[in-house]
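J.: Numbered as in the working numbering, the sequence shown ends at 738 without a single skipped number. Where a beta carbon is used, it is the ideal one built from N, C-alpha and C, also for glycine. Below you will find the structure I want to go over with you.
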Amino acid sequence: MAENYILRLQDEFVCCLCLELLRNPVSLLCGHSFCKECIERFWNSGEEFLWRCPTCDFQYSDRPVLNINIILNKIARDLSALMLPETESAPGSQVIECDVCVDGRSRAVKSCLTCRASFCDIHIQSHQNCTTWRNHRLVRPSGNLQESFCIRHQKLLELFCRTDQTCICSHCGITEHRGHDLTSVEAERVEKETELEAARTNIRNRIQQRQGNVGELRQTVNRIKASAERELQETERAFTVLINSINETRRKVVQLIKDMERTEVEKVEGPMRQLQTEIMELKRRDEHLVQLSESEDSIHFLQNFTSPYVLPDEEDPPHIDVCTEVSSVDLREELSHLKERLEQIGKWTFLRVDNTDLPVFFLIPPQPRNREDFLQYSCQLTLDPDTVNEHLSISDGNRKVMGKDRTSHYPDHPDRFDSVPQVLCREDLSRTRCYWEVERSGNPIVIGVAYKSLSRRGGNSECIIGGNNKSWCLFCSDSSPSVCHQTEMTEVAGPLCSRIGIYVDRCAGTLSFYNVSNTMTLLHSFTTSFTEPLHAGFWANQDTSLTIC
Numbered sequence: 190m191a192e193n194y195i196l197r198l199q200d201e202f203v204c205c206l207c208l209e210l211l212r213n214p215v216s217l218l219c220g221h222s223f224c225k226e227c228i229e230r231f232w233n234s235g236e237e238f239l240w241r242c243p244t245c246d247f248q249y250s251d252r253p254v255l256n257i258n259i260i261l262n263k264i265a266r267d268l269s270a271l272m273l274p275e276t277e278s279a280p281g282s283q284v285i286e287c288d289v290c291v292d293g294r295s296r297a298v299k300s301c302l303t304c305r306a307s308f309c310d311i312h313i314q315s316h317q318n319c320t321t322w323r324n325h326r327l328v329r330p331s332g333n334l335q336e337s338f339c340i341r342h343q344k345l346l347e348l349f350c351r352t353d354q355t356c357i358c359s360h361c362g363i364t365e366h367r368g369h370d371l372t373s374v375e376a377e378r379v380e381k382e383t384e385l386e387a388a389r390t391n392i393r394n395r396i397q398q399r400q401g402n403v404g405e406l407r408q409t410v411n412r413i414k415a416s417a418e419r420e421l422q423e424t425e426r427a428f429t430v431l432i433n434s435i436n437e438t439r440r441k442v443v444q445l446i447k448d449m450e451r452t453e454v455e456k457v458e459g460p461m462r463q464l465q466t467e468i469m470e471l472k473r474r475d476e477h478l479v480q481l482s483e484s485e486d487s488i489h490f491l492q493n494f495t496s497p498y499v500l501p502d503e504e505d506p507p508h509i510d511v512c513t514e515v516s517s518v519d520l521r522e523e524l525s526h527l528k529e530r531l532e533q534i535g536k537w538t539f540l541r542v543d544n545t546d547l548p549v550f551f552l553i554p555p556q557p558r559n560r561e562d563f564l565q566y567s568c569q570l571t572l573d574p575d576t577v578n579e580h581l582s583i584s585d586g587n588r589k590v591m592g593k594d595r596t597s598h599y600p601d602h603p604d605r606f607d608s609v610p611q612v613l614c615r616e617d618l619s620r621t622r623c624y625w626e627v628e629r630s631g632n633p634i635v636i637g638v639a640y641k642s643l644s645r646r647g648g649n650s651e652c653i654i655g656g657n658n659k660s661w662c663l664f665c666s667d668s669s670p671s672v673c674h675q676t677e678m679t680e681v682a683g684p685l686c687s688r689i690g691i692y693v694d695r696c697a698g699t700l701s702f703y704n705v706s707n708t709m710t711l712l713h714s715f716t717t718s719f720t721e722p723l724h725a726g727f728w729a730n731q732d733t734s735l736t737i738c
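Here it is in structure tokens:
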């Protein structure tokens, strides 16, 4: 029981870096303890200025000062002393008993390979004091002494054959192992222990590496959870504001309807009370006449009906200008649109975007299906005068470009196309989704997009929109319209409309060209991964023009 308790207690004082009993233990503020040498080696092998606990991954802004925990060090030393007899007697928890003791209760402290027996601390003294036995080979107590002898020759296994990687006796060394690479068991043990220590070092390094990997993954999990929690809070806050706004608007609209009801009812209630008063007076007179007609006394009848009972002049009922119908059709229609919009938001999905520094999930709406949907992503673009070629002119607030036969003199600028009649837009297409339309006149014309790093010097394909891996374009021609990327041409179904729509979805990695008329017709869609900021660009020939709508 006591030995099992010590073993369990020893497990509580094992360094998680070297997996051995703590040596010169130090404790961090988070409460975990390590060998001083192990934690220093762990920190020195990690990232600069990153000091964290290998167990809980707690990070310290400054490198902690390591002081040996005196109490913990004493406990570790005491445990080491308690475990020492167990280690010397036999591997594991096996207890080897003395072969000489009659009662068999004394623990052996040594085993003799010559005598092939184990002895306690009393009976081993004969080997230490007797000259004859001093040359006997003593080892740690072992219950498997027979394994130390050759099965064939019953001699001590004192040699190691490196050729066959097995222990042999001296007789085996001069017979079947003759000529092999032989060495003593002790020498091979020293070499193998060196290899074992190297293997343990590799294992410890691998453990540290894997613990570092676990720490990185734990940090990744924490970042995911923190990001999701942040978005949950922001979304809940946004929906709470929206719900409060809906409730407030509902309250105001309900109050408006009730106020209108009260105002119109008040207009009617005044004349209605007046008419009811008149009715009551007429009923009173009618009742008087009925009573008079029933009288049998003629004198009474005539005295009470001395003059004709004349009614006052009849007046027309009062004209009341009121609204009897309450209608909120327009309001309900507007609310229906809001409901549809909310239902569309409910269809949004997450899309992973890998063309950023780190993969990012964006919550995005469904793909647009009609021109109204596309126009939600319209962006205002203007031509960049610093990029326009001298064979082009721009006007209409830098929204129209024309090709001409004579050159213009523009100031030198590193962004200007010096040979190709092209121009880029000033604004980059940085939003998740961008849509714009251009009106073209004349042929041929090129409509496309390009990275800002597109070459501006010379007239080769590296400078032409669509002629390289930095640009994509639609080549507008009456005879053979086509799209182009890296000089690879693909024909599209014509004819082309005068108005062309261009749609970029950076998350989906698509660039699409559309014919725009009463309906939108897809001409072609590129699928790629955009790695740089995009700019709209145009190529115009003589007597052609393009206008950004």
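List the endpoints of the continuous beta strand (DSSP E) containing T676.
T.: Taking the sequence shown and counting its residues from 1, the one referred to as residue 676 is at position 487. Where T676 is concerned, there is no enclosing beta strand (DSSP E), given that its DSSP letter is neither H nor E.
J.: List the whole-angstrom C-beta distance separating E425 from V511, where the pair is believed to meet the contact cut-off of C-beta under 8 Å.
T.: Here residue 425 refers to the residue found at position 236 of the sequence shown. Here residue 511 refers to the residue found at position 322 of the sequence shown. No, E425 and V511 are not in contact; Cβ-Cβ is about 46 Å, not under 8 Å.
J.: For the stretch 642–652 and the stretch 619–634, state whether three or more C-beta atom pairs, one from each stretch, are separated by less than 8 Å.
T.: Inter-segment contact for the stretch 642–652 and the stretch 619–634 is absent: fewer than three beta-carbon pairs are separated by less than 8 Å.
J.: Around the Cβ of Q480, are there at least 16 other Cβ atoms within 10 angstroms (buried) or fewer (exposed)?
T.: What you label residue 480 is simply residue 291 of the sequence shown in a count that begins at 1. That one is exposed.
J.: Flag this pair as touching only if the stretch 565–581 and the stretch 592–605 have three or more C-beta atom pairs under 8 Å; answer yes or no.
T.: yes
J.: How many Å lie between Q422 and S584 at the Cα?
T.: For the purposes of this step, residue 422 is taken as the residue at position 233 of the sequence shown. For the purposes of this step, residue 584 is taken as the residue at position 395 of the sequence shown. Looking at the two C-alpha atoms, the distance is approximately 48 Å.
J.: Would you mind sorting T276 into buried or exposed? The rule is 16 or more other CB atoms within 10 Å of its CB.
T.: Position 87 of the sequence shown holds residue 276. Here the model assigns T276 a pLDDT of 40, short of 50, so the residue's position is not dependable and the matter cannot be decided.
J.: In whole angstroms, what separates the C-alpha of N333 from that of I313?
T.: Walking along the sequence shown from the start, residue 333 turns up at place 144. Walking along the sequence shown from the start, residue 313 turns up at place 124. For N333 and I313, the distance between alpha carbons rounds to 18 Å.
J.: Can you tell me where the alpha helix (DSSP H) holding W232 begins and where it ends?
T.: As a first step, residue 232 must be located in the sequence shown, where it is residue number 43. Looking at the DSSP string, the run of the alpha helix (DSSP H) that includes W232 is K225 to S234.
J.: When DSSP labels each residue in this structure, what does V590 get in the three-state scheme?
T.: Position 401 of the sequence shown, counting from 1, holds the residue named residue 590. Here V590 sits in strand by DSSP.
J.: Can you tell which of Q463, A265 and R241 has the C-alpha that lies nearest to the C-alpha of V403?
T.: For this step, residue 403 is matched to residue 214 along the sequence shown. Cα-wise, what sits closest to V403 is R241.
J.: Kindly indicate which three-state DSSP category T372 falls into: helix, strand or coil?
T.: Numbered from its first residue, the sequence shown carries residue 372 at position 183. If DSSP states are grouped into helix, strand and coil, T372 belongs with the strands.
J.: How long is the line joining the alpha carbons of K589 and I446, rounded to whole angstroms?
T.: What you label residue 589 is simply residue 400 of the sequence shown in a count that begins at 1. What you label residue 446 is simply residue 257 of the sequence shown in a count that begins at 1. Computed Cα separation, rounded: 52 Å.
J.: Measuring straight from C-alpha to C-alpha, what distance separates E386 and F247?
T.: Indexing the sequence shown from 1 puts residue 386 at position 197. Indexing the sequence shown from 1 puts residue 247 at position 58. Going from the Cα of E386 to the Cα of F247 covers about 30 Å.
J.: By the 10 Å Cβ neighbour count, where 16 or more other Cβ atoms means buried, how is N433 classified, buried or exposed?
T.: Position 244 of the sequence shown, counted from the start, is the residue given in the question as residue 433. Per the 10 Å Cβ criterion, exposed.
J.: Identify which residue in A729, S706, P722 and F702 has its Cα closest to the Cα of T716.
T.: Looking up residue 716 in the sequence shown gives position 527. Taking only the C-alpha atoms, the option nearest T716 is F702.
J.: Where does the unbroken beta strand (DSSP E) through Q611 begin, and where does it stop?
T.: One-based indexing of the sequence shown puts residue 611 at position 422. That run of the beta strand (DSSP E) goes Q611 to D617.
J.: Quick one: what does DSSP say I392 is sitting in, helix, strand or coil?
T.: Walking along the sequence shown from the start, residue 392 turns up at place 203. Correct three-state label for I392: helix.
J.: How many Å lie between S642 and F223 at the Cα?
T.: Mapped onto the sequence shown, residue 642 falls at position 453. Mapped onto the sequence shown, residue 223 falls at position 34. Roughly 53 Å separates the two Cα atoms.
J.: Taking P243 as the reference, give the member of A306, M449 and R393 with the closest Cα.
T.: Taking the first residue of the sequence shown as 1, we reach residue 243 at position 54. Taking the Cα of P243 as reference, the smallest distance to any Cα among A306, M449 and R393 is reached at R393.
J.: What do you reckon, are the CB atoms on L572 and N559 nearer than 7 Å?
T.: Taking the sequence shown and counting its residues from 1, one reaches residue 572 at position 383. Taking the sequence shown and counting its residues from 1, one reaches residue 559 at position 370. L572 places its beta carbon 7 Å or farther from that of N559.
J.: Under the assumption that C301 contacts H325 (Cβ atoms under 8 Å), give the Cβ distance between them as a whole number of angstroms.
T.: Within the sequence shown, residue 301 is the residue found at index 112, counting from 1. Within the sequence shown, residue 325 is the residue found at index 136, counting from 1. 5 Å between Cβ atoms; contact.
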